[in-house]
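A.B. asks:
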Amino acid sequence: ALVTTTEMFRKAYDGGYAIGAFNVNNMEIVQAITEACKKENSPVILQVSRGARTYANHTYLMKLVEAAVKECPDIPIALHLDHGPDFETCKSCIDGGFTSVMIDASSKPFEENIAITKEIVDYAHKYGVVVEAELGTLAGIEDEVKVSAEESSYTRPEEVEEFVTRTGCDSLAIAIGTSHGAYKFKPGTNPQLRFDVLHECEKKLPGFPIVLHGASSVPQEYVQMINEYGGNMPGALGVPEDQLREAARSAVCKINIDSDIRLAMTGTVRKYLTENPADFDPRKYLKAGRDAIEAMVRHKIVDVLGSSGKA
Ligand code: G3H
Ligand code: 13P
Ligand code: NA
Ligand code: ZN
Numbered sequence: 002a003l004v005t006t007t008e009m010f011r012k013a014y015d016g017g018y019a020i021g022a023f024n025v026n027n028m029e030i031v032q033a034i035t036e037a038c039k040k041e042n043s044p045v046i047l048q049v050s051r052g053a054r055t056y057a058n059h060t061y062l063m064k065l066v067e068a069a070v071k072e073c074p075d076i077p078i079a080l081h082l083d084h085g086p087d088f089e090t091c092k093s094c095i096d097g098g099f100t101s102v103m104i105d106a107s108s109k110p111f112e113e114n115i116a117i118t119k120e121i122v123d124y125a126h127k128y129g130v131v132v133e134a135e136l137g138t139l140a141g142i143e144d145e146v147k148v149s150a151e152e153s154s155y156t157r158p159e160e161v162e163e164f165v166t167r168t169g170c171d172s173l174a175i176a177i178g179t180s181h182g183a184y185k186f187k188p189g190t191n192p193q194l195r196f197d198v199l200h201e202c203e204k205k206l207p208g209f210p211i212v213l214h215g216a217s218s219v220p221q222e223y224v225q226m227i228n229e230y231g232g233n234m235p236g237a238l239g240v241p242e243d244q245l246r247e248a249a250r251s252a253v254c255k256i257n258i259d260s261d262i263r264l265a266m267t268g269t270v271r272k273y274l275t276e277n278p279a280d281f282d283p284r285k286y287l288k289a290g291r292d293a294i295e296a297m298v299r300h301k302i303v304d305v306l307g308s309s310g311k312a
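Residue numbers (full-length UniProt numbering): 2 to 312.
1. Leaving aside the five residues before and after L62 along the sequence, list all residues of the same chain whose C-beta is less than 6 Å from its C-beta, in chain order.
2. Assuming N191 is part of the alpha helix (DSSP H), what are its boundary residues?
3. With a threshold of 7 Å (Cβ to nearest heavy atom), would A13 be considered close to the ligand NA?
4. Once DSSP output is grouped into helix, strand and coil, what is the label at E145?
5. Does DSSP classify Y155 as helix, strand or coil?
6. Rank V303, R263, G307, K301 by C-alpha distance to the C-alpha of L287 and give the top, closest one.
7. Grouping DSSP H, G and I as helix and E and B as strand, with all else coil, what is H200?
8. With a threshold of 7 Å (Cβ to nearest heavy atom), would H214 be considered close to the ligand ZN?
9. Between V31 and A79, which are expected to be in contact by the criterion C-beta below 8 Å, what is the C-beta distance as a whole number of angstroms?
10. In chain order, what residues of the same chain lie with their CB nearer than 6 Å to the CB of D171, ignoring the 5 residues before and after it?
11. What do you get for K187, buried or exposed, if any count of 16 or more other CB atoms within 10 angstroms of its CB means buried?
12. Smallest Cα separation from V66: which of T55, R51, V198, A33?
13. The ligand ZN and D83: does any heavy atom of the ligand fall closer than 7 Å to the residue's C-beta?
14. If you draw a straight line from the alpha carbon of R299 to that of E135, how long is it in whole angstroms?
15. Of all the options L245, G215, E163, which has the alpha carbon lying nearest to the alpha carbon of E112?
16. By Cβ distance, which residues of its chain are closer than 6 Å to E145, with the 5 residues on each side in sequence left out?
17. Here's a check: name, in chain order, each residue in its chain whose Cβ is nearer than 6 Å to the Cβ of A248, leaving out the five neighbours to either side.
18. Would A265 and M297 qualify as a contact pair, given that the criterion is a beta-carbon distance under 8 Å?
19. Classify A53 as buried or exposed, calling it buried when 16 or more other Cβ atoms lie within 10 Å of its own Cβ.
20. Measuring CB to CB, does A183 end up less than 8 Å from V219?
21. Sorted by chain position, which residues of the same chain lie with C-beta nearer than 6 Å to V253's C-beta, five sequence neighbours on each side aside?
22. In its own chain, which residues sit with a C-beta less than 8 Å from the C-beta of Y124, not counting the 5 before and 5 after it?
23. Could you tell me the distance, in whole angstroms, from the CA atom of K119 to the CA atom of A13?
24. Find the nearest neighbour of K207 within the set Y128, E41, V161, judged by alpha-carbon distance.
25. Below 8 Å on the Cβ atoms is my guess for E41 versus I302; work out the distance and round it to an integer in Å.
26. By the three-class DSSP mapping on this structure, what secondary structure does K92 have?
27. Judging by CA-CA distance, which residue of S108, A216, E159, I177 is the nearest neighbour of residue 313?
28. Answer yes or no: the CB of N114 versus the heavy atoms of the ligand ZN, is any distance below 7 Å?
29. Does the beta-carbon distance from S251 to L199 come in below 8 Å?
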């Protein structure tokens with residue numbers, strides 16, 4: 002059924018696991034993710050960015066998710082706006098059938114972030130929709146807002162309690178060293194998330210669900226496939242899976258994954274087209290891509306997030 006994240010997060014928090022929040026743009030991606038979750042009996046969050054809504058259009062995305070809900074009647078599915086930039090976008094998703102929205106005012110000063118977030122919480126809660134907010138800035142690219150490495154700042158644990166209390170938000174994204182995209186760390190360095198910051202935030206917010214953005218592991222299998230079949234992504238590197246497992250066991254209840262989906266699709270389609278140069282039926286290569294995403298999502302659920310069997 003189409004649900005909010007409230008029950009999912011409560012169970013994930015108590016059970017020491019996390020729900021995967023996967024970005025969707027088209028039919029094949031929706032099918033791959035929900036089929037994996039159906040097979041694993043896992044709850045799931047399908048999330049849509051502003052860019053995805055521009056690409057696929059709100060109505061098409063709603064209907065794709067409705068179809069997935071119908072095809073997977075036994076698993077909880079939440080539909081979430083990823084990185085909502087302003088009140089109007091959040092309102093449009095709340096009015097349009099989403100069960101959860103993120104307002105990302107993390108680039109704004111503390112007081113302004115609180116004011117913007119609270120306005121959306123007040124509106125969303127009237128309609129039974131839940132709100133994710135963000136405190137701290139991720140390195141890399143946040144949608145169209147570029148945050149340079151020097152500007153990026155970890156979440157300040159001393160601020161989280163006041164922020165959550167004053168805004169009334171339902172979950173909080175924090176910055177502990179992840180970033181968006183396929184180039185999260187310099188090759189040759191030792192990627193290390195700031196679990197000390199996470200645990201400080203956790204202590205200040207007992208029982209409260211924390212969200213991890215930029216959590217793709219950038220599987221080297223797919224990076225190599227892309228590079229081998231005509232692509233050019235040297236040095237692509239993600240969050241080590243062991244650190245994601247550790248995060249999932251903590252108060253982190255939602256782990257965001259987009260880049261890994263893109264890599265699985267792109268690597269597989271490149272390989273398919275190279276190996277089958279005479280094929281021109283999109284169903285052939287999109288099926289190959291869809292199968293790869295499904296396998297990748299199943300692996301996340303079973304081996305990383307721990308949400309298998311939790312529907
Ligand atoms: O956080 C960003 C997500 O990966 C969505 O990316 O804005 O290119 O759709 P997008
Ligand atoms: P990745 O780029 O690591 O997949 O992060 C996705 C994300 O945080 C979407 O909000
Ligand atoms: Na958790
Ligand atoms: Zn994000």
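Yeah, the Cβ is synthetic: ideal placement off N, Cα and C, and Gly gets one too. All values derive from a computational prediction rather than experimental measurement.
C.D. replies: Working from what's here:
1. V49
2. Unbroken run through N191: none, as it is neither H nor E.
3. Because some heavy atom of the ligand NA lies under 7 Å away, the Cβ of A13 counts as near it: yes.
4. Summary for E145: the model assigns pLDDT 43, below 50, so the residue's position carries little reliability, and this model does not support an answer.
5. coil
6. Distances from the alpha-carbon of L287 to those of V303, R263, G307, K301 put R263 closest.
7. helix
8. H214 Cβ: within cutoff of the ligand ZN.
9. The Cβ separation is near 13 Å, so there is no contact.
10. V131, V132
11. exposed
12. If we check each option's Cα against that of V66, A33 comes out closest.
13. yes
14. Computed Cα separation, rounded: 28 Å.
15. E163
16. For E145, the predicted model reports a pLDDT of 43, less than 50, meaning its position is unreliable and no value from the coordinates is stated.
17. L213.
18. yes
19. buried
20. yes
21. A19, I211, L213
22. F88, C91, K92, I95
23. 25 Å
24. This sequence places Pro at residue 207; Lys is not what is there. Selected option, being the one with the closest Cα: V161.
25. Rounded to whole angstroms, the Cβ separation of E41 and I302 is 5 Å, and the two are in contact under 8 Å.
26. helix
27. The structure shown has nothing for residue 313, since the chain only spans 2 to 312.
28. No.
29. yes
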